[in-house]
Amino acid sequence: MTTDPLSLSARSLANHVTRGTLSPVAVTRATLDRVAALNPQINAIVQDCGEQAMEAAGALEKRIRAGGRAGKLAGVPVTIKVIADQAGFATTNGTRLAADLVAEEDSPFVARMRDEDAVIVGRTNTPAFSYRWFTSNAQHGTTLNPRNPDLTPGGSSGGAGAATAAGLGHIAHGTDIAGSIRYPAYACGVQGLRPTVGRVPSYNLTGGARLIGPQLMAVSGPLALRVDDLRLALEVMSGEDPRDPLCSPVPLTGPDLPRRAALIRRPDGMAVDPRILDDLDRAAAMLRAAGWEVEEPASVPPLTEAKELQIDLWLMDGFADKAATAEAEGDAGAQALIARFAPRAAEFRPGQLGAALQRRLALMREWRMFLADYPVVLMPVSGELPFRRDEDLTGAAALDRIWEAQLSQIALPLLDLPGLSVASGIVDGVPSGVQIVSPPWREDIALMAGEILEQGFGMPQAWGG
Numbered sequence: 532m533t534t535d536p537l538s539l540s541a542r543s544l545a546n547h548v549t550r551g552t553l554s555p556v557a558v559t560r561a562t563l564d565r566v567a568a569l570n571p572q573i574n575a576i577v578q579d580c581g582e583q584a585m586e587a588a589g590a591l592e593k594r595i596r597a598g599g600r601a602g603k604l605a606g607v608p609v610t611i612k613v614i615a616d617q618a619g620f621a622t623t624n625g626t627r628l629a630a631d632l633v634a635e636e637d638s639p640f641v642a643r644m645r646d647e648d649a650v651i652v653g654r655t656n657t658p659a660f661s662y663r664w665f666t667s668n669a670q671h672g673t674t675l676n677p678r679n680p681d682l683t684p685g686g687s688s689g690g691a692g693a694a695t696a697a698g699l700g701h702i703a704h705g706t707d708i709a710g711s712i713r714y715p716a717y718a719c720g721v722q723g724l725r726p727t728v729g730r731v732p733s734y735n736l737t738g739g740a741r742l743i744g745p746q747l748m749a750v751s752g753p754l755a756l757r758v759d760d761l762r763l764a765l766e767v768m769s770g771e772d773p774r775d776p777l778c779s780p781v782p783l784t785g786p787d788l789p790r791r792a793a794l795i796r797r798p799d800g801m802a803v804d805p806r807i808l809d810d811l812d813r814a815a816a817m818l819r820a821a822g823w824e825v826e827e828p829a830s831v832p833p834l835t836e837a838k839e840l841q842i843d844l845w846l847m848d849g850f851a852d853k854a855a856t857a858e859a860e861g862d863a864g865a866q867a868l869i870a871r872f873a874p875r876a877a878e879f880r881p882g883q884l885g886a887a888l889q890r891r892l893a894l895m896r897e898w899r900m901f902l903a904d905y906p907v908v909l910m911p912v913s914g915e916l917p918f919r920r921d922e923d924l925t926g927a928a929a930l931d932r933i934w935e936a937q938l939s940q941i942a943l944p945l946l947d948l949p950g951l952s953v954a955s956g957i958v959d960g961v962p963s964g965v966q967i968v969s970p971p972w973r974e975d976i977a978l979m980a981g982e983i984l985e986q987g988f989g990m991p992q993a994w995g996g
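For what it's worth, this note's numbering labels the leading residue of the sequence shown as 532, then goes sequentially.
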């Protein structure tokens, strides 16, 4: 069988490879050729895995020909963000400080993807320390948005978003503590899923002990052109691992829930671009046409307070170390972020952490009760269309405006809610999308609704240069 691998879903590609109707070596070679042709224009992949990819594909092909097992991701090209341990590669997290921090073993989900015969074709860029919604750093350079180089590709998984939009792999790994999967998906016009914390095991031998904020709110998840590819990736990445005591073996599907959705066009009255509002209205109409009941509730639990608590939990633990490493790295974006929050961090006093955690629990309860009535919530990914590239470096006023626009991204991790960013299309070179929120552990509901929207908006197409 001769076909463009990108014309197939990850699931279909793996089935062809398993049956022997597609060669994993040919698929990998085609993907690496695409990387060689397109990546120099966007700098999404910053660590080359080509040699290892061809070796893995060759071993898989030999095993299949001998009648051996093929995994769920047999021959599927994937990328891994440089924040995650991958044996033999530096876990730089976008910094010069960690340029020589070479991992001795894979993070659990990386190992699982390999075990299911995914082929890792490269490692993707992130801003220094994964702090920004823009992706540039002194170690790896600037990643451009394939849809429009004047716009940010998002961050911190901007390399993952750009690689996905350019078709440099079917599935990209990203991380999210404040929108770092959902925003790059939005900015690059692809699909991205932030799972529930504890769904995907988190462990980096190179990273040491996790601080409180990442323990409570950070998670790994996938980006892809197709919603079903997100589902398949989540299935492979998920599950218990003894190295992450916070990970739980919760089933990927649950009982049927009412097909009822809440439309929240302006969370907490935030300013929202008219095009985004139109996208949300179109998404609501698509769900209604599919038999869902969609309402605009008169009362919605707060998000702004959740956003502020999210920031507090990030600031309270290890802020002095964050400031010192940002200074040592000399990264302008990281330093601007530290400078913005330094006065607030200086005001924290003993006892505030406990109070913040108590209030977090109350807000989580409010939102879970709301989601019991509305198992799907439609809301913006951002209040603005994708920002200009490095707009956060243009001054304090711009940085303040950016943080205000990202309310619905920052708040969800504090509430431990999964979120799915669904692309709505590209108009005049500017991508957009909407966000689907579901109850904890019910990513299946978000993905089901996401496929309805994907059918209505149209599946994103890969940029070709």
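A virtual CB, placed ideally from N, CA and C, is assigned to each residue, including glycine.
These numbers were taken from a predicted model, which means no experiment stands behind them.
When we look at the beta-carbon of residue i and count the other beta-carbons within 10 Å, is it buried (16 or more) or exposed?
i, result
"Pro970", "buried"
"Val958", "exposed"
"Ser538", "exposed"
"Arg762", "buried"
"Arg654", "buried"
"Ala829", "exposed"
"Ala597", "exposed"
"Leu563", "buried"
"Met900", "exposed"
"Thr727", "buried"
"Ala568", "exposed"
"Arg1002", "Residue 1002 is absent from the model: the chain starts at 532 and stops at 996."
"Pro639", "buried"
"Thr657", "buried"
Looking at chain C, is there any beta carbon in it that lies within less than 8 Å of the beta carbon of residue i?
i, result
"Phe988", "No chain C is part of this structure, which consists of one protein chain only."
If we ignore side chains and look at the alpha-carbon of each, how far apart do residue i and residue j end up?
i, j, result
"Thr856", "Thr666", "18 Å"
"Leu553", "Ile611", "24 Å"
"Ala669", "Gly686", "15 Å"
"Gly882", "Met847", "11 Å"
"Gly692", "Leu544", "21 Å"
"Leu682", "Arg713", "16 Å"
"Ser733", "Ile743", "14 Å"
"Ile614", "Pro684", "17 Å"
"Pro608", "Trp845", "34 Å"
"Cys580", "Glu860", "26 Å"
"Arg932", "Pro944", "20 Å"
"Gly849", "Pro555", "45 Å"
"Ala821", "Ile983", "7 Å"
"Ser540", "Val968", "24 Å"
"Ala837", "Phe872", "17 Å"
"Val558", "Ile651", "12 Å"
"Asp810", "Gly964", "7 Å"
"Asp812", "Glu771", "39 Å"
"Ala886", "Leu840", "10 Å"
"Ala518", "Leu916", "This structure cannot speak to residue 518, because the chain is shown only from 532 to 996."
"Gly698", "Pro991", "10 Å"
For the alpha helix (DSSP H) holding residue i, just list the boundary residues, first then last.
i, result
"Lys853", "Phe850 to Glu860"
"Gln617", "Run containing Gln617: none; DSSP gives neither H nor E here."
"Arg997", "Residue 997 lies beyond the stretch modelled for the chain, which goes from 532 to 996, so this question has no answer here."
"Met847", "Thr835 to Met847"
"Val556", "Pro555 to Ile573"
"Met895", "Gln883 to Asp904"
"Arg871", "Ala863 to Ala877"
Over the uninterrupted beta strand (DSSP E) stretch that includes residue i, give me the two end residues.
i, result
"Pro608", "Pro608 to Lys612"
"Val577", "Ile576 to Asp579"
"Ala629", "No beta strand (DSSP E) holds Ala629; DSSP gives it neither H nor E."
"Ala792", "Arg791 to Leu794"
"Val825", "Glu824 to Glu826"
"Val548", "Taken as a continuous stretch (DSSP letters only), Val548 belongs to no beta strand (DSSP E), being part of the alpha helix (DSSP H) at Ala541 to Arg550."
"Thr725", "With the sequence shown as reference, residue 725 is identified as Arg, and Thr is not the correct amino acid for it. That run of the beta strand (DSSP E) goes Gln722 to Arg725."
Task: Segments of 4+ residues assigned as alpha helix (DSSP H) that fall wholly inside the stretch 916–991 - done: 927–936, 938–946 and 974–988
Open item on the list: Please give me, in chain order, every unbroken run of the alpha helix (DSSP H) with length at least 4 that falls completely inside the stretch 727–768.
Closed with: 743–748 and 758–768
Open item on the list: Under 8 Å, with one C-beta from each stretch per pair, do the stretch 915–935 and the stretch 865–874 reach the 3-pair mark?
Closed with: yes
TODO: Pick out the complete alpha helix (DSSP H) segments inside the stretch 633–717, 4 residues or longer, and give them in chain order.
DONE: 639–646 and 689–696
Open item on the list: Taking contact to mean 3 or more Cβ pairs, one atom from each stretch, closer than 8 Å, check whether the stretch 672–685 and the stretch 582–595 are in contact.
Closed with: no
Open item on the list: For the structure I just gave you, are there three or more beta carbon pairs, one from the stretch 809–829 and one from the stretch 618–629, closer than 8 Å?
Closed with: no
Open item on the list: Can you confirm whether the stretch 796–814 touches the stretch 767–779 when touching is taken to mean that 3 or more C-beta pairs between the two stretches lie within less than 8 Å?
Closed with: no
Open item on the list: Does the contact criterion of 3 or more C-beta pairs under 8 Å hold for the stretch 949–957 versus the stretch 884–900?
Closed with: no
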